[in-house]
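Taken in order, these protein sequences are the chains called A and B.
According to this note's numbering, the first sequence holds residues 1 to 480 in order.
According to this note's numbering, the second sequence holds residues 1001 to 1480 in order.
No residue lacks a Cβ here, since even glycine has one placed at the ideal position from N, Cα and C.
Only one structure is covered here, and it is reproduced in the block below.
Number of protein chains: 2
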Amino acid sequence: MEKKFVEELTSQKEDFSKWYTEVVLKADLVDYSPVKGCMVIKPYGYAIWENMQRILDEKIKETGHVNAYFPLFIPKSFLEKEAEHVEGFSPQVAWVTKGGDEDLFEPLAVRPTSEAIICSMYSKWIQSWRDLPILINQWANVVRWEKETRPFLRTTEFLWQEGHTAHRTFEEAEEEALRMLNVYKEFVENDLAIPVIAGKKTENEKFAGALHTYSIEVLLADGRALQAGTSHNLGQHFAKAFDIMFQDVDGERKYVWQTSWGVSTRLIGALIMTHGDDYGLVLPPRVAPYQIVIIPIWKNETDKVKVYNYIDEIYEVLKKYFRVKVDRDEEHTPGWKFNEWELKGVPVRLEIGPKEVEKQEIYVARRDLRTKISIRRENMIQDLENLLKDIQKTLFERALKFREENTYEINNFEEFKKIMDTKRGFVKASWCGDGECELKIKELTGATIRNIPLDWKEEEGKCILCGRETKIKALFAKAY
Amino acid sequence: MEKKFVEELTSQKEDFSKWYTEVVLKADLVDYSPVKGCMVIKPYGYAIWENMQRILDEKIKETGHVNAYFPLFIPKSFLEKEAEHVEGFSPQVAWVTKGGDEDLFEPLAVRPTSEAIICSMYSKWIQSWRDLPILINQWANVVRWEKETRPFLRTTEFLWQEGHTAHRTFEEAEEEALRMLNVYKEFVENDLAIPVIAGKKTENEKFAGALHTYSIEVLLADGRALQAGTSHNLGQHFAKAFDIMFQDVDGERKYVWQTSWGVSTRLIGALIMTHGDDYGLVLPPRVAPYQIVIIPIWKNETDKVKVYNYIDEIYEVLKKYFRVKVDRDEEHTPGWKFNEWELKGVPVRLEIGPKEVEKQEIYVARRDLRTKISIRRENMIQDLENLLKDIQKTLFERALKFREENTYEINNFEEFKKIMDTKRGFVKASWCGDGECELKIKELTGATIRNIPLDWKEEEGKCILCGRETKIKALFAKAY
């Protein structure tokens, strides 16, 4: 009984993809829905998203943005205004063609992203330099018709935030795009404990319609990369398509410069695939639905009363400081519960039996290292605060160490190919800057350029494929 | 210059409907979008919704519910499973018939409400009485294809929360439906300062698919009623349609009993139409985006420095206690700003010039009564806290007084008709309980039964239309 979940869970080594699917279902994060490619985010999974939202929304507001809400539907003609944008997104659009019994004159796209509808409003709202900058964010659902889906990582509908800003100058837009990239980087590293590499996307990989795109990239435990967030300098592409002009201080009418940026429920996938282990989820304390779970242990009624009295007392104190749950269920053994809450990734488990009551102690198990210690009741707040901080830090450091151990600097194409075929990981390699070479490398190895990292210095080298001299170092990986 | 907005705003008496449209646009709450019937909720309007969400979400969680997220799309065959449900909603459904370039085999409804998709999941999740109750809420967008729309009150897409619960017994479901009705009543009365009448809908007016529906009804300033929230006891209708069964403690397989309940961005419309006046919005402090706005007044640079120093000091203190904004704009005169912030309904305005600095005072204008007083700087926190509480209370009392003055107890049909034709308002009248009579009254007067109020006692009387003896007293009104 005690080993139930552990035995049932496929190990990461055996089949990472299967492990992932099992974990998201068994830990009650999601369920499949009757709509192809759409998932149900169950309460335990949604609570992670709510914690992410709360933290990120605050950061978005601190940087001067306000929230608003734009329509779900985008008329076809609006989506078509920006040529690259429609080319990139139209294969993925769900179309509403009927309202009630009436066939629509013009089909409506269910938003795959909101540039087109938001830009149409900005062209109305912006007249003068005094109206700038416009700094708006939206929390919303979006739909992209996907052939192959996987919970959190790629689903037909997903939840996200999308920021859309308009500025007077290129420089302001560029500064904004980089500011938000950095907000994402800090959020993902500090709150999700996931190290990221921030960089610029190549022309082939940029957002459809952008001048250029920045991204943060994560190395997952199976050696694949995941794009965890993007920030685009849209230049004047949409401004020209939607006629968003302002009268500048010099009296001239000019097009605005724009950005957009977003992160989604995909981050939950990144969380699972970065920290999870063969026992299930491992959640960073800052976004875990419960930071602490308390398991009562007793064998007879006398003990039960004592144990619950003790637990009730400490719970009343702990709940003021932490997100904490007492597992009062009497259907299962403590051992079963240990496994269940390990599977669900709760950072800290308190096991409390008659011995703990007698000694006025608490037996504490940490999920990340799976180690146990006893702490004194009178020190519990401080000790648990320190422990949660240490878990958050340990998770980040462990993930960083993994990434460093799985990042290779390579100069030889055969070696490059071999890494991509076997252990995968991040590869730092020289690239000539030619999109043709990039596509050829993808064809031959399955690896794409994730980005050109912002903090990698230029270095003399030869393109990993064609051998031409170059100063560009690119980050390659096989990606989700 | 100073009267700009006041002069431009149509008065409520002249044309209430025009006043409403002008206010929502000029106060920057919404804008029309290029998608028919869909509005853009602008940042100032969305901030009201965020405040409502924050307060109500907490109440929903305090009553034991958790949030989750279900797909936007519902396969046609699922919507059709509950006969009354599909009949009620299908004329209003937006249909997705194409994904990318592929024609869908089965059209997908864009959710008009989520019973059908949620019930399909509950039938999978519920096996035993131990799985009950299920208490889930969702914050989401929904779409109902409307012929005539009006910002907030009726739009093709709107934002709402929808609770969906499943229980062992009828009694538990009934208790839940009434509990949530009461949560809504307290929220709308305490936080939005809008008095409501809670009651039971008639068979004609209940939710499509429900056993019965409860509602809270508001009397707006133009004498029309608005349904501000509903809570449904769904009985076993959906359980039978979706085969949601559980093994009960007695070993028997039984259908669950369900509820659903929701409030939407329509509440913002209720807020505007209850408290607004000829100067614009009047927002209750508990949900106002800014509770206090500070207007600097100065004529020369020496004064400006003094005034801003003073304002900066008090702002640093006030912002810890209130949502407060300093209007630092230098394009407009203080008089223009007074009108602007009156239009936007900010509960309290602080006017600060050299005189206030010298006397260490603050000149305070309250939006609801449009009166002004001076307060001492050293007492400002306490004085402003009391003032905001008083405004919240005054708004509620004023609205309650208006409702009482516009509620008529009528026994004579001609008189009933006359009231509906002229001043409108709430009418308390006897009704035989026959749906035919109800429909006839609607045809003849335009009035519907809003609900049978829960706290109206049974009284002997004669049906206002047919004269049959009855004990039922119903709440009639012309409604939005």
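With distances taken between CB atoms, is the gap from V1282 (chain B) to G1345 (chain B) smaller than 8 Å? yes
- From what residue to what residue does the beta strand (DSSP E) around K1320 (chain B) run? Neither: K1320 (chain B) is in no beta strand (DSSP E) and is coded neither H nor E.
Q: Taking only the alpha-carbon atoms, compute the straight-line gap between L267 (chain A) and K81 (chain A) and give it to the nearest angstrom.
A: 31 Å
| query | Should Q291 (chain A) and V348 (chain A) be called a contact, given that it needs their Cβ atoms to be closer than 8 Å? | reply | yes
Exercise for review: Could you tell me which chain A residues have their CB closer than 7 Å to the CB of P1034 (chain B), listed as they occur along the chain?
Suggested key: P75, F78 and S120
May I ask you to report which of helix, strand or coil DSSP gives Y122 (chain A)? helix
Quiz prompt | Buried or exposed (CB count within 10 angstroms, at least 16 for buried), V305 (chain A) | solution = exposed
field: Residues from the stretch 1130 to 1155 of chain B in contact with chain A, defined by Cβ distance under 8 Å
entry: R1130, I1136, A1140, N1141, V1143 and W1145
Under 6 Å Cβ to Cβ from W1298 (chain B), same chain only, skipping five residues before and after it: list those, please. K1304 and V1307
(request) Take every Cβ of the stretch 1442 to 1457 of chain B, pair it with every Cβ of the stretch 1191 to 1201 of chain B, and state whether three or more of those distances are shorter than 8 Å. (result) yes
Can you tell me whether L47 (chain A) is buried or exposed, with buried defined as 16 or more other CB within 10 angstroms of its CB? The displayed chain sequence assigns Ala, not Leu, to residue 47 (chain A). Result: buried.
* Would you grab the beta carbon distance between L226 (chain A) and L220 (chain A) for me? Rounded to a whole angstrom, and I think it's under 8 Å. => 6 Å
Problem - Reduced DSSP secondary structure (H/G/I, E/B, other) of N406 (chain A) - result: coil
- prompt: Got a sec: which bits of the stretch 1210 to 1244 of chain B sit with their beta carbon under 7 Å from any beta carbon on chain A, in order along the chain?
  reply: none
request  = Please confirm if the stretch 151 to 170 of chain A is in contact with the stretch 95 to 105 of chain A, defined as three or more CB-CB distances below 8 Å between the two stretches.
outcome  = no
- Query: From V1256 (chain B) to L343 (chain A), what does the alpha carbon distance come to, in whole angstroms?
  - Reply: 30 Å
Practice item. With DSSP collapsed to three states, give me the class of T302 (chain A). Key: helix
CA-to-CA distance, I74 (chain A) to T155 (chain A), given in whole angstroms: 20 Å
(message) Let's see if you can read the secondary structure: which residues bound the beta strand (DSSP E) around S1231 (chain B)?
(response) A1225 to G1235
Classification of S77 (chain A) by the beta-carbon crowding that lies within 10 angstroms, buried from 16 upward: exposed
Whole angstroms is fine: what's the gap from N1386 (chain B)'s alpha carbon to H1275 (chain B)'s? 20 Å
Exercise. When burial is assigned at 16 or more other CB atoms within 10 Å of the CB, is R370 (chain A) buried or exposed?
Worked result: exposed
Pick out whichever of A:E115, A:K372 and A:G269 has its Cα sitting closest to the Cα of F238 (chain A). A:E115
Tell me which residue opens and which closes the beta strand (DSSP E) that T1097 (chain B) is part of. A1094 to G1099
(message) Taking the alpha-carbon of N1339 (chain B) as reference, which of B:Q1360, B:E1358, B:K1319 and B:D1278 has the nearest alpha-carbon?
(response) B:D1278
The stretch 1157 to 1185 of chain B: which residues have C-beta closer than 7 Å to a C-beta of chain A, in chain order?
-> E1157 and L1159
Residue-chain proximity (D1455 (chain B), chain A), Cβ-Cβ < 8 Å:
no
Selection of the stretch 1086 to 1098 of chain B by Cβ proximity to chain A, strictly under 7 Å = P1091, Q1092, V1093, A1094, W1095, V1096, T1097 and K1098
Q | Partner residues on chain B for E50 (chain A), Cβ-Cβ distance less than 8 Å | A | N1067
### Query
Around the C-beta of F1105 (chain B), are 16 or more other C-beta atoms found within 10 angstroms, so that it is buried, or is it exposed?
exposed
So V1481 (chain B) contacts chain A; which residues on that side make the cut at Cβ distance below 8 Å?
For residue 1481 (chain B) there is no data in the structure shown, the boundaries of chain B being 1001 and 1480.
### Three or more C-beta pairs below 8 Å linking the stretch 54 to 65 of chain A and the stretch 1137 to 1156 of chain B
no
For the alpha helix (DSSP H) that contains S17 (chain A), what are its first and last residues? F16 to K26
Point to revise | Spatial distance of D383 (chain A) from K320 (chain A) (CA atoms) | key: 15 Å
Should D1101 (chain B) be flagged as near chain A, meaning a C-beta pair shorter than 8 Å?
yes
For L72 (chain A) and N1300 (chain B), which I take to be in contact (beta-carbon distance under 8 Å), what is that distance rounded to the nearest angstrom? That pair is no contact at about 52 Å.
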